[in-house]
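Enquirer: Going down the list, the sequences are from chains A and B.
Everything in the first sequence is counted per the numbering used here, starting at 58 for the first residue and increasing by one.
Everything in the second sequence is counted per the numbering used here, starting at 58 for the first residue and increasing by one.
This is the structure, below, for whatever I ask next.
Protein chains: 2
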Amino acid sequence: MKGKLIELESFQIIDSLVDLSKYSSEEAEVVRRIIHATGDVEYAELVRFSHNAIDLVKDAIKKRWSVVCDVEMVKAGITERLAAEFGLELKSFINDKRVLELARKKGLTRAETSIEFANGLYDGIIFVIGNAPTALLKVIDLYKQNQLKNSVVIAFPVGFVKAAFSKEQLLKTNIPYITNVGQKGGSAVAAAAFRAVAKLL
Amino acid sequence: MKGKLIELESFQIIDSLVDLSKYSSEEAEVVRRIIHATGDVEYAELVRFSHNAIDLVKDAIKKRWSVVCDVEMVKAGITERLAAEFGLELKSFINDKRVLELARKKGLTRAETSIEFANGLYDGIIFVIGNAPTALLKVIDLYKQNQLKNSVVIAFPVGFVKAAFSKEQLLKTNIPYITNVGQKGGSAVAAAAFRAVAKLL
Chain A
58 MKGKLIELES FQIIDSLVDL SKYSSEEAEV VRRIIHATGD VEYAELVRFS HNAIDLVKDA
118 IKKRWSVVCD VEMVKAGITE RLAAEFGLEL KSFINDKRVL ELARKKGLTR AETSIEFANG
178 LYDGIIFVIG NAPTALLKVI DLYKQNQLKN SVVIAFPVGF VKAAFSKEQL LKTNIPYITN
238 VGQKGGSAVA AAAFRAVAKL L
Chain B
58 MKGKLIELES FQIIDSLVDL SKYSSEEAEV VRRIIHATGD VEYAELVRFS HNAIDLVKDA
118 IKKRWSVVCD VEMVKAGITE RLAAEFGLEL KSFINDKRVL ELARKKGLTR AETSIEFANG
178 LYDGIIFVIG NAPTALLKVI DLYKQNQLKN SVVIAFPVGF VKAAFSKEQL LKTNIPYITN
238 VGQKGGSAVA AAAFRAVAKL L
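Below, the structure written as C-alpha cells:
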C-alpha cells in the first residue's frame with residue numbers, strides 16, 4: 058500500500074519533469090514506467106513505437122504467445138507473478154545446454170543462438186530483449202529471410218557495440234516493435250516496457 | 058567467445074567517451090561496467106565510493122557474507138553462476154510470506170521490512186539495493202540505532218521519491234558503500250556494480 062503511494066507520487070513527478078505529449082496516452086504510460094525504472098528522464102525523447110504496437114503486444118499477451126527473453130534478468134524483471142496473472146510462460150534459452158553447444162559449434166553468441174532456437178520452437182512470440190544487440194540482429198535476420206514466426210518485439214539492447222545500430226535496423230522493418238534509439242537500454246528497461254503494456258490490459 | 062570480444066570492444070569505446078581518471082583503477086572498472094550495463098555515460102560523474110570500499114566489499118565476498126538483494130531482479134542480474142564461483146548465497150526476502158505479513162501489520166513497505174528481517178538473520182551482510190529507497194533508508198535507520206550488523210552496501214535505488222535523498226543520507230554514514238548521487242539507478246546498475254567487484258577478485 059505504501060509502495061503503491063510512492064509509485065503514484067513518482068509518476069506525478071515524472072509528468073512534471075518531461076513532456077510526453079508526442080505519445081498516445083498508452084504509449085506515454087510505457088515511457089513513464091521506463092523512466093520510473095531507470096530514473097532517466099532522457100527516455101522521454103528516446104522511445105519509439107511502431108504503428109499500433111501497444112495493441113499488437115496486448116493482443117499477443119491475450120493470445121498467450123510465448124514470452125522469449127534474451128537474458129534471465131529480463132524474466133526476473135517481468136516477474137513470474139505478473140506472467141501468471143496472464144497465463145504466460147516466460148522463457149530464456151541463453152543458459153540452455155543445447156544453445157551453448159550450438160553457439161560454440163557455430164562461433165555465434167549464445168544470445169543470437171537462443172533467439173534462433175526459440176524461433177524454431179514456437180509460433181507466436183513476444184521477444185523481450187534487454188541486453189544483447191546480437192539477439193535483436195538475429196530477429197531482424199530471421200525476418201529478412203522470411204523465417205521469423207509471428208512475433209512482436211520489445212527491444213532495448215544496450216551498449217556501445219551495435220546496440221544503436223540493431224535498433225535502427227529494427228525501425229526499418231515491419232515487425233511490430235517497442236524500442237529506443239541510441240546506446241541506452243538494458244534489462245530493467247525491457248522488463249518495465251513489457252510490464253507497462255501488460256498493466257494496460 | 059564472440060560475446061567476450063564484444064564486451065572488450067565496448068569497454069574500449071567507453072574509455073574513449075568518458076574520463077574515469079578521478080577514480081582508482083579498480084573503482085574505474087566498477088563505473089565502466091555500470092556504463093556498460095546501462096549505456097548511460099553520465100554514471101562517470103555519478104558513482105561514489107566510500108574510502109576503501111572496494112577492498113571492503115572484496116573482503117566481504119571472500120568471507121562469504123550473505124548477499125541480501127532488495128528485489129529478485131538484482132539476484133538475477135548477479136546470477137547464481139557468479140555467486141556459486143565464490144560460494145555465495147543470494148537472498149531476497151521481498152516475497153517472503155513472513156515479510157509480507159510483517160509489512161502489512163506495520164504499514165511499511167515490503168522492501169524496508171525485508172531489510173530489517175535480513176538484518177535479524179545474519180551477521181555479515183552485503184546489501185545490494187537496486188530498487189527501493191525505503192530499503193536503503195532502513196539500512197541507514199538500523200545503522201543510526203546501532204542495530205546494523207557488519208555490513209557493506211551497494212546501493213543504487215532509483216526514482217523520484219526519496220532515491221536521491223536516501224543516497225545522500227548514506228554518504229553521511231560510516232557504512233562502507235558504493236552508490237551514486239541523484240535519481241538514477243536500478244537493479245541492472247546494482248547488479249553490475251556487485252559483479253564488477255567480484256570480477257576484481
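Every residue gets a Cβ at the ideal spot worked out from N, C-alpha and C, and that includes glycine.
Rounded to whole angstroms, what's the CA-CA distance from Q69 (chain A) to R89 (chain A)? Just pull it up for me.
Expert: 10 Å
Enquirer: Do you know offhand how far T95 (chain A)'s Cα is from I71 (chain A)'s?
Expert: 12 Å
Enquirer: Which same chain residues, not among the five before or five after K163 (chain A), have their C-beta less than 6 Å away from its C-beta?
Expert: none
Enquirer: Which two residues bound the contiguous alpha helix (DSSP H) that contains S34 (chain B)?
Expert: Nothing can be reported for residue 34 (chain B), as the shown portion of chain B is limited to 58 through 258.
Enquirer: Are the beta-carbon atoms belonging to N176 (chain B) and Q204 (chain B) less than 8 Å from one another?
Expert: The answer is yes: Cβ separation under 8 Å.
Enquirer: Which partner residues of F106 (chain A) appear in the DSSP bridge assignment?
Expert: A:I235
Enquirer: Can you tell me whether DSSP reads A189 (chain B) as helix, strand or coil?
Expert: coil
Enquirer: Show which residues of chain B have a CB atom less than 7 Å away from the CB atom of S171 (chain A).
Expert: Those do not exist, as S171 (chain A) stays about 12 Å from chain B at its closest Cβ, beyond 7 Å.
Enquirer: Does K59 (chain B) get closer than 8 Å to chain A when you measure Cβ to Cβ?
Expert: yes
Enquirer: Secondary structure at K148 (chain B), three-state DSSP: helix, strand or coil?
Expert: K148 (chain B): strand per DSSP, three-state reduction.
Enquirer: Taking the beta carbon of K241 (chain B) as the centre, do at least 16 other beta carbons fall within 10 Å, making it buried, or is it exposed?
Expert: buried
Enquirer: In terms of residues, what are the limits of the alpha helix (DSSP H) holding V246 (chain B)?
Expert: 244-256
Enquirer: Go to V156 (chain B), then tell me how far its alpha helix (DSSP H) extends in each direction, as first and last residue.
Expert: 154-163
Enquirer: What does the Cβ neighbour count give for R138 (chain A), buried or exposed, with the cut at 16 atoms within 10 Å?
Expert: exposed
Enquirer: Between R167 (chain B) and G243 (chain A), what straight-line distance do the alpha-carbon atoms span, to the nearest angstrom?
Expert: 25 Å
Enquirer: Cβ of A253 (chain B) versus every heavy atom of the ligand NAP: is any distance shorter than 7 Å?
Expert: Of ligands this structure carries none, so the ligand NAP is not represented either.
Enquirer: Since G181 (chain B) meets chain A, which of its residues come closer than 7 Å, beta carbon to beta carbon?
Expert: Annotation: G181 (chain B) has no Cβ neighbours in chain A at a cutoff of 7 Å; minimum Cβ distance is about 25 Å.
Enquirer: Look at the alpha carbon of A141 (chain B) and the alpha carbon of R121 (chain B), and state the distance between them as a whole number of angstroms.
Expert: 11 Å
Enquirer: Do A192 (chain B) and E169 (chain B) come within 8 Å of each other at the CB atom, strictly closer than that value?
Expert: yes
Enquirer: Closer than 6 Å by C-beta to M266 (chain B): which residues in its own chain qualify, once you throw out the five before and the five after it? Chain order, please.
Expert: The structure shown does not extend to residue 266 (chain B), since chain B is modelled only from 58 to 258, so the question has no answer here.
Enquirer: Rounded C-beta distance between H247 (chain A) and G187 (chain A)? I'm assuming under 8 Å.
Expert: It should be noted that the sequence gives Ala, not His, for residue 247 (chain A). With 8 Å as the limit, A247 (chain A) and G187 (chain A) qualify as a contact, their Cβ atoms being about 3 Å apart.
Enquirer: Assuming G181 (chain B) contacts S123 (chain B) under a Cβ cut-off of 8 Å, what Cβ separation, rounded to an integer in Å, is found between them?
Expert: 7 Å
Enquirer: Going by CA-CA distance only, name the one from A:N207, A:G144, A:V125 that's closest to I151 (chain A).
Expert: A:V125
Enquirer: Can the beta-carbon of I135 (chain A) be found less than 8 Å from the beta-carbon of R252 (chain A)?
Expert: yes
Enquirer: Would you please state the rounded distance, in angstroms, between the beta carbons of Y234 (chain A) and V210 (chain A)? I believe it to be under 8 Å.
Expert: 5 Å
Enquirer: Beta-carbon within less than 7 Å of G239 (chain A)'s beta-carbon, same chain only, minus the 5 sequence neighbours each way: which residues are those?
Expert: L103, A221
Enquirer: Which same chain residues end up closer than 6 Å to A269 (chain A) when comparing Cβ atoms and leaving out the 5 residues on each side of it in sequence?
Expert: Because chain A spans 58 through 258 in this model, residue 269 (chain A) falls outside it and cannot be assessed.
Enquirer: How is S123 (chain B) classed by DSSP in three states: helix, strand or coil?
Expert: Of the three classes helix, strand and coil, the one that applies to S123 (chain B) here is strand, per DSSP.
Enquirer: Given P87 (chain A), which residues of its chain have a CB within under 6 Å of its CB, disregarding the five upstream and five downstream residues?
Expert: According to the sequence displayed, residue 87 (chain A) carries Val and not Pro. Hits under 6 Å: A250, A253.
Enquirer: Excluding sequence positions up to five away, which residues of its chain have a Cβ less than 8 Å from the Cβ of F217 (chain A)?
Expert: Q240
Enquirer: Using a 10 Å radius around the Cβ and a threshold of 16 neighbouring Cβ atoms, would you call E84 (chain A) buried or exposed?
Expert: buried
Enquirer: Looking only at its chain, what residues have a beta carbon closer than 8 Å to the beta carbon of V156 (chain A), apart from the 5 residues adjacent to it on each side?
Expert: Excluding sequence neighbours, V156 (chain A) sits near F150, R167, T170, S171, F174.
Enquirer: CB-CB under 6 Å to Q226 (chain A), same chain, minus the five flanking residues each way: which ones, in chain order?
Expert: I197
Enquirer: Can you tell me the Cα-Cα spacing of K219 (chain A) and L159 (chain A), whole angstroms?
Expert: 22 Å
Enquirer: In whole angstroms, give me the CA-to-CA distance for A212 (chain B) and Q202 (chain A).
Expert: 45 Å
Enquirer: Let me make sure I understand the geometry here. Which of A:K119, A:Y100, A:D127 has the alpha-carbon closest to that of K195 (chain A)?
Expert: A:D127
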